[in-house]
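Undergrad: Dumping the structure here so I can ask a few things about it.
There are 2 protein chains.
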Amino acid sequence: MPEFTPTERSRVRRRPQRAAYDEATVYKVLDAGILAHVGYVLDGQPFVTPTAYWRKGRRLYWHGAAASRMLRAVGEGQPVCLTVSFLDGFVLARSGFRHSLNYRSVLAFGRARLVEDLEAKRLAMDDFIERLYPGRTTSLRPATEAELKQIALAEMTIEEASAKQRAGGPIDYAPDEGWPAWWGEIPLDQRLGAPKPAGLAAGAAPRVALEAEAPCAFPF
Amino acid sequence: MPEFTPTERSRVRRRPQRAAYDEATVYKVLDAGILAHVGYVLDGQPFVTPTAYWRKGRRLYWHGAAASRMLRAVGEGQPVCLTVSFLDGFVLARSGFRHSLNYRSVLAFGRARLVEDLEAKRLAMDDFIERLYPGRTTSLRPATEAELKQIALAEMTIEEASAKQRAGGPIDYAPDEGWPAWWGEIPLDQRLGAPKPAGLAAGAAPRVALEAEAPCAFPF
Numbered sequence: 001m002p003e004f005t006p007t008e009r010s011r012v013r014r015r016p017q018r019a020a021y022d023e024a025t026v027y028k029v030l031d032a033g034i035l036a037h038v039g040y041v042l043d044g045q046p047f048v049t050p051t052a053y054w055r056k057g058r059r060l061y062w063h064g065a066a067a068s069r070m071l072r073a074v075g076e077g078q079p080v081c082l083t084v085s086f087l088d089g090f091v092l093a094r095s096g097f098r099h100s101l102n103y104r105s106v107l108a109f110g111r112a113r114l115v116e117d118l119e120a121k122r123l124a125m126d127d128f129i130e131r132l133y134p135g136r137t138t139s140l141r142p143a144t145e146a147e148l149k150q151i152a153l154a155e156m157t158i159e160e161a162s163a164k165q166r167a168g169g170p171i172d173y174a175p176d177e178g179w180p181a182w183w184g185e186i187p188l189d190q191r192l193g194a195p196k197p198a199g200l201a202a203g204a205a206p207r208v209a210l211e212a213e214a215p216c217a218f219p220f
Numbered sequence: 221m222p223e224f225t226p227t228e229r230s231r232v233r234r235r236p237q238r239a240a241y242d243e244a245t246v247y248k249v250l251d252a253g254i255l256a257h258v259g260y261v262l263d264g265q266p267f268v269t270p271t272a273y274w275r276k277g278r279r280l281y282w283h284g285a286a287a288s289r290m291l292r293a294v295g296e297g298q299p300v301c302l303t304v305s306f307l308d309g310f311v312l313a314r315s316g317f318r319h320s321l322n323y324r325s326v327l328a329f330g331r332a333r334l335v336e337d338l339e340a341k342r343l344a345m346d347d348f349i350e351r352l353y354p355g356r357t358t359s360l361r362p363a364t365e366a367e368l369k370q371i372a373l374a375e376m377t378i379e380e381a382s383a384k385q386r387a388g389g390p391i392d393y394a395p396d397e398g399w400p401a402w403w404g405e406i407p408l409d410q411r412l413g414a415p416k417p418a419g420l421a422a423g424a425a426p427r428v429a430l431e432a433e434a435p436c437a438f439p440f
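Listed in order, the protein sequences are those of chains A and B. Heads up: the first sequence at position 11 corresponds to 11 in this note's numbering, and the numbers run straight through without jumps. Adding 220 to a residue's 1-based position in the second sequence gives its number in this note's numbering.
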């Protein structure tokens with residue numbers, strides 16, 4: 001099973017038993033997410049920008065306006081940490097100290113570049129739409145050259161990545177025994193609401209791939 | 221209405237019509253969140269760590285193990301960017317270019333310190349439990365001194381913050397007219413699942429305050 005090789009940068013120190021570095025685990029988390037938090041540094045100041053992203057093989061993509069400060073900064077090849085996380089539930093113990101949260105997260109490290117080629121941009125934006133709404137691109141009005149020029153597209157090859165997760169209920173803890181508090185697990189999930197058509201929308205609302213079932217069709 | 225004064229660091233450049241700097245808007249987003257993404261810099265490398273947080277007045281708190289690299293780093297007073305974001309829905313247009321997402325987000329900037337006083341730590345951890353499960357602390361086994369010493373608690377006074385949000389459906393766009401694609405909005409929400417008691421849990425599961433109704437009882 002291919003693995004990312006952790007260095008000091010990506011090795012999980014706290015609770016290493018919850019960590020994984022294999023591509024399958026890392027990609028499973030990355031493919032389930034829609035919003036990432038992109039961390040970058042400008043003049044020593046960290047910035048964390050939430051943004052939609054998608055994966056293709058070992059590469060992560062995100063986009064925005066050509067004038068975006070974040071995209072200009074990461075496009076210069078500065079180091080980036082892109083983090084994806086899910087809060088999966090609440091873990092309640094009989095002492096505050098033993099409460100916890102269930103989660104999945106990935107920290108991906110690399111350097112980004114801006115993709116300038118218009119055809120590559122067009123294909124990448126189609127990948128993004130297909131990631132969210134499988135099969136949708138064929139019914140859409142195609143992007144014009146002027147529109148593609150307004151988009152800045154960042155591409156980051158993952159140099160290192162680590163996954164970390166916790167699942168399950170609270171762990172029995174002797175000092176808490178006998179305390180009359182409820183203990184257990186309360187799951188948390190994301191749910192889609194009823195679609196709200198705009199004007200006279202044609203046909204049924206498309207399916208949103210909240211958790212991408214299959215990785216992009218790209219060798220990795 | 222009190223406002224954070226934006227500088228170059230926190231002023232929203234892209235789509236400034238979606239931005240706000242008043243405390244009421246910023247705190248409303250911060251008080252609805254449970255996971256933050258804490259950005260910090262170590263030797264020029266950005267790190268973005270997902271972590272639970274809570275707010276009291278103009279201060280943000282998060283905690284972890286005393287040995288945590290993140291907490292040691294931010295405890296040295298380096299600049300921090302703490303970001304909270306929600307994906308509230310999908311906005312589908314009749315061209316890929318005009319698709320969007322509905323979201324709420326806050327970027328909060330400041331420098332953190334580690335709280336060492338054990339009594340202050342105890343009170344802060346109680347605030348955290350009460351934030352998530354109102355009324356729960358009274359039924360829990362109190363923390364011991366040894367447990368409080370194992371916790372590192374970061375406190376950051378917000379120096380600057382900006383909120384940004386988008387809501388509503390797609391905006392009508394002349395070039396898309398007549399394209400036979402569904403367009404509209406598909407909301408996304410977080411829902412709690414059925415509680416899973418551990419062993420013989422006492423009574424009913426506590427209520428989780430998924431979106432905190434009231435700010436902490438602290439003057440701001």
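Note that the Cβ used here is the ideal one computed from N, Cα and C, for glycine as well.
Is there a C-beta anywhere in chain B that falls below 8 angstroms from the one on Tyr61 of chain A?
TA: Closer than 8 angstroms: no.
Undergrad: So what's Arg238 of chain B in DSSP terms, helix, strand or just coil?
TA: In the structure shown, Arg238 of chain B sits in a helix (DSSP, three-state: H, G or I).
Undergrad: Under the rule that 16 or more other beta-carbon atoms within 10 Å means buried, what is Pro219 of chain A, buried or exposed?
TA: For Pro219 of chain A, the predicted model reports a pLDDT of 33, less than 50, meaning its position is unreliable; a value from the coordinates is still stated below. Exposed, by the Cβ-count rule.
Undergrad: At a CB-CB cut-off below 9 angstroms, which residues of chain A make contact with Leu334 of chain B?
TA: Within chain A, no residue comes near Leu334 of chain B; the closest Cβ sits about 16 angstroms away, beyond 9 angstroms.
Undergrad: Report the neighbours of Glu185 of chain A on chain B: residues whose CB is nearer than 8 angstroms to its CB, in chain order.
TA: Simply Pro415, Lys416 and Ala418.
Undergrad: Report, in whole angstroms, the separation of the C-beta atoms of Ala124 of chain A and Tyr27 of chain A, which I expect to be a contact under 8 angstroms.
TA: Not quite, the Cβ-Cβ distance comes to about 18 angstroms (not below 8 angstroms), so this is no contact.
Undergrad: So the alpha helix (DSSP H) Met245 of chain B belongs to, where does it begin and stop?
TA: In the sequence under discussion, the amino acid at residue 245 of chain B is Thr, which differs from the Met named in the question. Residues Glu243 to Ala252.
Undergrad: Looking at chain B, is there any beta carbon in it that lies within less than 8 angstroms of the beta carbon of Pro16 of chain A?
TA: Not an interface residue.
Undergrad: Straight-line CA distance for Thr271 of chain B to Leu255 of chain B?
TA: Each residue's alpha carbon lies about 5 angstroms from the other.
Undergrad: Which of helix, strand or coil does DSSP assign to Cys436 of chain B?
TA: The pLDDT assigned to Cys436 of chain B is 41, lower than 50, so where the model puts this residue is not dependable, and the model offers no usable value.
Undergrad: Curious, which full-length beta strand (DSSP E) runs of at least 3 residues does the region 26-93 of chain A contain?
TA: Runs of the beta strand (DSSP E) inside the region 26-93 of chain A: 35-42, 45-56, 59-65 and 79-92.
Undergrad: Once you ignore the five residues that flank Gln410 of chain B on each side, which residues in its own chain have a CB closer than 7 angstroms to its CB?
TA: Cβ within range, chain order: Leu430.
Undergrad: Within the same chain, show all residues whose beta-carbon is closer than 8 angstroms to that of Glu228 of chain B, passing over the 5 residues directly before and after it, in chain order.
TA: If we look at Glu228 of chain B and ignore the five residues flanking it on each side, it has no Cβ neighbours.
Undergrad: What did DSSP end up calling Phe208 of chain B once you bin it into helix, strand or coil?
TA: No statement about residue 208 of chain B is possible, as the shown extent of chain B runs from 221 to 440 and does not include it.
Undergrad: Starting from Ile406 of chain B, trace the beta strand (DSSP E) both ways and give me its first and last residue.
TA: Note, Ile406 of chain B: beta strand (DSSP E), Gly404 to Leu412.
Undergrad: For the region 377-405 of chain B, which residues have a CB atom closer than 8 angstroms to at least one CB atom of chain A, in sequence order?
TA: Result list: Gly389, Pro390, Asp392, Pro395, Asp396, Trp399, Pro400, Ala401, Trp402, Trp403, Gly404 and Glu405.
Undergrad: Measure the beta-carbon distance from Ser382 of chain B to Val232 of chain B and round it to whole angstroms, keeping in mind my assumption that it falls under 8 angstroms.
TA: At roughly 5 angstroms, the Cβ-Cβ gap stays under 8 angstroms, so Ser382 of chain B and Val232 of chain B are in contact.
Undergrad: Given a threshold of 16 other Cβ atoms within 10 Å of its Cβ, counted over all protein chains shown, does Asp172 of chain A qualify as buried or as exposed?
TA: Result: exposed.
Undergrad: For Gly193 of chain A and Phe306 of chain B, what's the separation of their Cα atoms in angstroms?
TA: Each residue's Cα considered, the two are about 15 angstroms apart.
Undergrad: Check the Cβ-Cβ distances between Arg275 of chain B and every residue of chain A, and say whether any is below 8 angstroms.
TA: Not closer than 8 angstroms to any Cβ of chain A, the Cβ of Arg275 of chain B fails to qualify, so no.
Undergrad: From A:Pro187, A:Asp22, A:Glu119 and A:His37, pick the residue whose C-alpha is nearest to that of Met70 of chain A; which is it?
TA: Ranking A:Pro187, A:Asp22, A:Glu119 and A:His37 by Cα distance to Met70 of chain A puts A:His37 first.
Undergrad: Could you give the first and the last residue of the continuous alpha helix (DSSP H) run that contains Ala340 of chain B?
TA: Note, Ala340 of chain B: alpha helix (DSSP H), Leu338 to Leu352.
Undergrad: How is Gly316 of chain B classed by DSSP in three states: helix, strand or coil?
TA: In the structure shown, Gly316 of chain B sits in a helix (DSSP, three-state: H, G or I).
Undergrad: What are the boundary residues of the beta strand (DSSP E) that Ala152 of chain A is part of?
TA: Where Ala152 of chain A is concerned, the enclosing beta strand (DSSP E) stretches over Ile151 to Arg166.
Undergrad: May I ask you to list the residues that DSSP assigns as paired with Val335 of chain B?
TA: In DSSP, Val335 of chain B forms a bridge with B:Leu373.
Undergrad: According to the Cβ coordinates, are Arg314 of chain B and Leu114 of chain A closer than 8 angstroms?
TA: No, Cβ-Cβ distance for Arg314 of chain B and Leu114 of chain A is not below 8 angstroms.
Undergrad: If we ignore side chains and look at the alpha-carbon of each, how far apart do Leu374 of chain B and Val294 of chain B end up?
TA: A small correction: the amino acid at residue 374 of chain B is Ala; Leu does not occupy that position in the sequence shown. The straight-line gap from Cα to Cα measures roughly 8 angstroms.
Undergrad: Which residues, in order along the region 318-331 of chain B, keep a beta-carbon less than 8 angstroms from a beta-carbon of chain A?
TA: Here the close residues are His319, Leu321, Tyr323, Ser325, Leu327 and Phe329.
Undergrad: Could you check which residue in A:Asp43, A:Gly39, A:Arg58 and A:Lys56 has the C-alpha nearest to that of Thr49 of chain A?
TA: Comparing Cα-Cα distances from Thr49 of chain A to each of A:Asp43, A:Gly39, A:Arg58 and A:Lys56, the minimum goes to A:Gly39.
Undergrad: Counting only beta-carbon separations shorter than 8 angstroms, does Ile345 of chain B have a partner in chain A?
TA: First, the residue type needs correcting, since residue 345 of chain B is Met and not Ile in the sequence shown. Closer than 8 angstroms: yes.
Undergrad: Around the C-beta of Pro266 of chain B, are 16 or more other C-beta atoms found within 10 angstroms, so that it is buried, or is it exposed?
TA: Flag for Pro266 of chain B reads buried.
Undergrad: So which residues of chain A does Thr215 of chain B contact, with C-beta pairs closer than 7 angstroms?
TA: Absent from the structure is residue 215 of chain B, since the part of chain B shown begins at 221 and ends at 440.
Undergrad: Reducing DSSP to helix, strand and coil, say where Pro417 of chain B ends up.
TA: Of the three classes helix, strand and coil, the one that applies to Pro417 of chain B here is strand, per DSSP.
Undergrad: So who's on the other strand from Gly330 of chain B, going by DSSP bridges?
TA: The partner list for Gly330 of chain B (beta bridge, DSSP) reads B:Val300 and B:Ile378.
Undergrad: Can you find a CB in chain B that lies within less than 8 angstroms of the CB of Glu3 of chain A?
TA: For Glu3 of chain A, the answer is no, since every Cβ of chain B falls outside 8 angstroms of its Cβ.
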